[in-house]
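J.: Residue numbers (my numbering), protein chains in the order written: chain A, 105 to 410; chain B, -10 to 286.
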Amino acid sequence: MYNKNAERRRVLKREWKNWALSYAMILPAMVFFGLFCIYPLCNLFHLSLFRGNVRNPYKSFRGIQNFVDLFTKNPDFVPALKHTAYYTAVVLVLLISLSVLCAVWLSKDRKLNHFAQSAIFSPHLVASISCAFVWSWMFSSEIYGLFNTILNAIGLKSVRWLDQPSTAMNCVIVMNVWKNIGYYSLIIMSALKAIPTEIYEAADLDSASPIRQFFQITLPMLSPQLFFLLITITTGSFMVFDSIRVMTNGGPGNSTQVLCTWIYEYAFLNNNSLGLASAGGVVLLLILVLITILDFRGLERKVHYQ
Amino acid sequence: MNTYSDQLASKEELRRISRARRRAQFMRRLPGDIVKLAIVILFVFPFYWMISTAFKSYIESIQTPPTLWPHTFTLENFSAIGEMNIDLPMYFKNSVIITATTIVLQLLIMIPAAYAFAKRDFPFKGVLFGVVLLAFMIPGQLTYISIYLMMAKAKLLQTLWPQILPFGANAFGIFMLRQSFKQIPEEILESARLDSASEFQIIMRIMLPMSKSAMITIAMFSFISIWNNYFWPLVMTTNEAVRPLTMAIQKLRDSGDNAIRWNVLMAGNVILVAPVLVIYMFASKKILKAFAYNGLK
């Protein structure tokens, strides 16, 4: 009896030791996540209830007044939301359709296709700030700007690309689509290669047209990847910052002000609006969570997992 | 003998047929291939434009119509950066220190955590791994305000730490390395344990050597994202002495007198982009594979 107890205690002790070692192994990671992910996120909610600046973030308590102000008083926030939504919608449609097209177009195993693939992918690796600068240079409104030279050469008038509200956002969109299409088409392409060829052979036997094969076989088989694209592109687009900041800095006027540039401006550049910026951050977080839930809900039934 | 020469003849004939077929295929594909090549050239043209502008004189860079390649090839744009009171070597050094330190710190934190999640059992493992996934999804754009205040409180804003510490734990890396560790068969670990190897020895002698490719992939992802980072240094730093290369490039534009000197700005961008593009040229296949895997998991 006594022996059994001692034995059990010994086993328990060894188990405890094992657990302790496991926890010690993950402890550094958890401390870092806690400090730099979980705590800052919670603190964002706390900050959003106050009025203050970077030196003194908790000057006075405002409760939910910051959130009310965002939608009623602040002149830039709602436009920024709209611009972000426009940017996201256009980028989403362009990126998904073009990357599927590009992947199908380059999917055959050939040297030329491999070369084209690695060329189209290259902008994804380059700093967004460099991409933005090159495109700003090509979009230069001066007469020596590359695109204006081309327009003039074929007899059209110069366009003030990034310097007028009607075109500025679209120029940024073009740049971002160019930068990211290689990555997304790469993902679609590796999924294309995983589709068993027997399915196409069977469809050929039934003499299904290539277009019908694309819509009835290829797209459904790609649905997990399309779903991945949908989530990463929407959440990523809501976070757009670098390219806007470099190419237009929110202007002209506030025609390209998006959520993240708005938050940055109110947090660091304007006076005593850190709480307001944090409230904007909370709204951004809620939007991201909402998008993710909606995407999962809406597509759960439609996605075809193999 | 006879049959052998027959075979030879038929082989010759086969070769001729296949050559003819290949030529026909080539001709049939040619128009499509030319279009393909043209689109690819258009696609990489911005990089060409960046590089060619970087080697043009100021006069040539704003001439109309612009020249496709530099007629007078000049290196003065690179030296002009120094004359603009921008200490490029310092920014470069900061970038290197930040990138290298972050990657080392990430590995130190990532390896034991990935090992514990892959090969050990402990209570609340699922919940704790959920924390890793959560951290993976939280973007820096939501956390930087609080982290800035934290760094200010700790009086670290004048150092490089605010650009290193927040990236110390790499959630994506832990996730990927755990995946790689999981594929290593349990029997190897058990036999090592029978030989009374410590966990440290198991990690160093078995796990790491067998997950080399995952480690290289993770380090490469980290290198690219940290080297290219613009947002984080912008919001975390106020002092030029701790800023990395991306901030120097921005300063190149902002410190022009009136008009932007695009040729100098492009020279700066060439310096920023060169290390990444050179690596890509040598390892494009590996890099593409790594990115494709990233999307499939």
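Glycine included, every Cβ here is placed at the ideal spot set by N, Cα and C.
Of the residues A:Val386, A:Ala371 and A:Ile285, which one's Cα is nearest the Cα of Leu205 (chain A)?
T.: Residue A:Ile285 is the option with its Cα nearest to Leu205 (chain A).
J.: Kindly indicate the opening and closing residues of the alpha helix (DSSP H) around Ser211 (chain B).
T.: Note, Ser211 (chain B): alpha helix (DSSP H), Lys201 to Trp216.
J.: Closest to Asn160 (chain A) by C-alpha separation, out of A:Leu139, A:Asn376, A:Leu390 and A:Asn122, would be which residue?
T.: Nearest of A:Leu139, A:Asn376, A:Leu390 and A:Asn122 to Asn160 (chain A), Cα basis: A:Asn376.
J.: Using the Cα positions of Asn217 (chain A) and Leu210 (chain A), report the straight-line distance between them to the nearest angstrom.
T.: Going by the C-alpha atoms only, they are around 5 Å apart.
J.: Compare the C-alpha of Gln329 (chain A) against each of A:Ser347, A:Leu363 and A:Tyr288 and name the closest.
T.: Answer by Cα proximity: A:Tyr288.
J.: I need the straight-line Cα distance from Lys286 (chain B) to Ala160 (chain B), nearest angstrom please.
T.: Bear in mind that the predicted position of Lys286 (chain B) carries a pLDDT of just 48, short of 50, making it unreliable; the figure below should be weighed with that in mind. Near 15 Å, if we compare the C-alpha coordinates of Ala160 (chain B) and Lys286 (chain B).
J.: Which residues in chain A have a C-beta closer than 8 Å to the C-beta of Ile51 (chain B)? List them in chain order.
T.: Result: Glu246 and Tyr248.
J.: Identify whether Ser164 (chain A) lies in helix, strand or coil by the three-state DSSP scheme.
T.: In the structure shown, Ser164 (chain A) sits in a strand (DSSP, three-state: E or B).
J.: Is the CB-CB distance between Gly385 (chain A) and Leu148 (chain A) below 8 Å?
T.: Result yes, Cβ atoms of Gly385 (chain A) and Leu148 (chain A) sit closer than 8 Å.
J.: Nearest-angstrom Cα distance between Val231 (chain B) and Val85 (chain B)?
T.: Straight-line Cα distance between these residues: approximately 12 Å.
J.: For Ile233 (chain A) and Gln239 (chain B), which I take to be in contact (beta-carbon distance under 8 Å), what is that distance rounded to the nearest angstrom?
T.: Rounded, the Cβ-Cβ distance is 7 Å, consistent with contact.
J.: Does the separation of the CB atoms of Leu260 (chain A) and Phe243 (chain A) fall below 8 Å?
T.: Result no, Cβ atoms of Leu260 (chain A) and Phe243 (chain A) do not sit closer than 8 Å.
J.: How would you list, in chain order, the residues of chain A whose beta-carbon sits under 9 Å from the beta-carbon of Tyr137 (chain B)?
T.: Simply Val158, Ala371 and Phe372.
J.: Let me see if you follow: with CB-CB separation under 8 Å, is Lys25 (chain B) close to chain A or not?
T.: Answer yes: the Cβ-Cβ gap between Lys25 (chain B) and chain A drops below 8 Å somewhere.
J.: Name the chain A residues whose beta carbon is nearer than 7 Å to that of Arg12 (chain B)?
T.: Those do not exist, as Arg12 (chain B) stays about 16 Å from chain A at its closest Cβ, beyond 7 Å.
J.: Near Phe67 (chain B), which residues of its chain fall below 6 Å by C-beta distance, leaving aside the five closest residues on each side in sequence?
T.: Hits under 6 Å: Ala256.
J.: Out of A:Gln361, A:Ile335 and A:Asn374, which has the shortest C-alpha to C-alpha gap to Asp346 (chain A)?
T.: If we check each option's Cα against that of Asp346 (chain A), A:Gln361 comes out closest.
J.: If we ignore side chains and look at the alpha-carbon of each, how far apart do Ile177 (chain B) and Met199 (chain B) end up?
T.: For Ile177 (chain B) and Met199 (chain B), the distance between alpha carbons rounds to 11 Å.
J.: For Phe318 (chain A), which three-state DSSP category applies?
T.: Helix at Phe318 (chain A).
J.: What do you reckon, are the CB atoms on Ala107 (chain B) and Arg17 (chain B) nearer than 8 Å?
T.: Cβ distance not < 8 Å, so Ala107 (chain B) and Arg17 (chain B) don't count as in contact.
J.: So, Val276 (chain A) versus Met351 (chain A), is the Cβ gap smaller than 8 Å?
T.: Yes, these two residues count as a Cβ contact at 8 Å.
J.: When the Cα atoms are used, what is the spatial distance from Pro35 (chain B) to Cys235 (chain A)?
T.: Cα to Cα, the separation comes out at about 8 Å.
J.: Pick from B:Thr132, B:Tyr47, B:Ser214 and B:Leu234: whose alpha carbon is nearest that of Arg92 (chain B)?
T.: A small fix is needed here, since residue 92 (chain B) is Ile in this sequence, not Arg. Of the listed residues, the one whose Cα sits closest to Ile92 (chain B) is B:Ser214.
J.: Would you list, in sequence order, the uninterrupted alpha helix (DSSP H) runs of no fewer than 4 residues that lie entirely inside the region 164 to 207 of chain A?
T.: Segments of the alpha helix (DSSP H) lying fully in the region 164 to 207 of chain A: 169 to 176.
J.: Using the beta-carbon count (16 or more within 10 Å), is Cys146 (chain A) buried or exposed?
T.: Cys146 (chain A) comes out exposed.
J.: Given this structure, state the Cα-to-Cα distance separating Gln410 (chain A) from Met325 (chain A), to the nearest angstrom.
T.: Here the model assigns Gln410 (chain A) a pLDDT of 44, short of 50, so the residue's position is not dependable and the matter cannot be decided.
J.: Spell out the partners DSSP gives Phe154 (chain A) in its beta bridges.
T.: BP columns for Phe154 (chain A) point to A:Phe165.
J.: If you draw a straight line from the alpha carbon of Ala181 (chain B) to that of Ile192 (chain B), how long is it in whole angstroms?
T.: Rounded to the nearest angstrom, the two C-alpha atoms are 11 Å apart.
J.: Suppose you measure from the CA of Ser341 (chain A) to the CA of Trp38 (chain B); what does that come to, to the nearest Å?
T.: Distance between the alpha carbons of Ser341 (chain A) and Trp38 (chain B): 27 Å.
J.: Just to confirm the assignment, what range does the alpha helix (DSSP H) spanning Ile177 (chain B) have?
T.: Glu175 to Leu183 is the span of the alpha helix (DSSP H), which, as asked, contains Ile177 (chain B).
J.: Since I believe Val195 (chain A) is in contact with Val281 (chain A) (beta carbons under 8 Å), could you give me their beta-carbon distance rounded to a whole number of angstroms?
T.: Indeed, because the Cβ distance is near 6 Å, the residues count as touching under 8 Å.
J.: My guess is that Val259 (chain B) and Ile100 (chain B) are in contact by the Cβ rule of under 8 Å, so how many angstroms apart are they, rounded?
T.: The pair is not a contact, with the Cβ atoms about 36 Å apart (cut-off 8 Å).
J.: Please confirm whether Trp239 (chain A) has its beta-carbon closer than 8 Å to some beta-carbon of chain B.
T.: Judged by the 8 Å Cβ criterion, Trp239 (chain A) is in contact with chain B.
J.: So Pro174 (chain B) packs on Asn83 (chain B), CB below 8 Å; how close in whole Å?
T.: 44 Å between Cβ atoms; not a contact.
J.: Check whether the Cβ of Phe289 (chain B) lies closer than 8 Å to any Cβ atom in chain A.
T.: Residue 289 (chain B) falls outside the range modelled here, since chain B spans only -10 to 286, and no answer is possible.
J.: Could you check where the alpha helix (DSSP H) with Gln221 (chain A) kicks off and where it finishes?
T.: That run of the alpha helix (DSSP H) goes Lys215 to Phe225.
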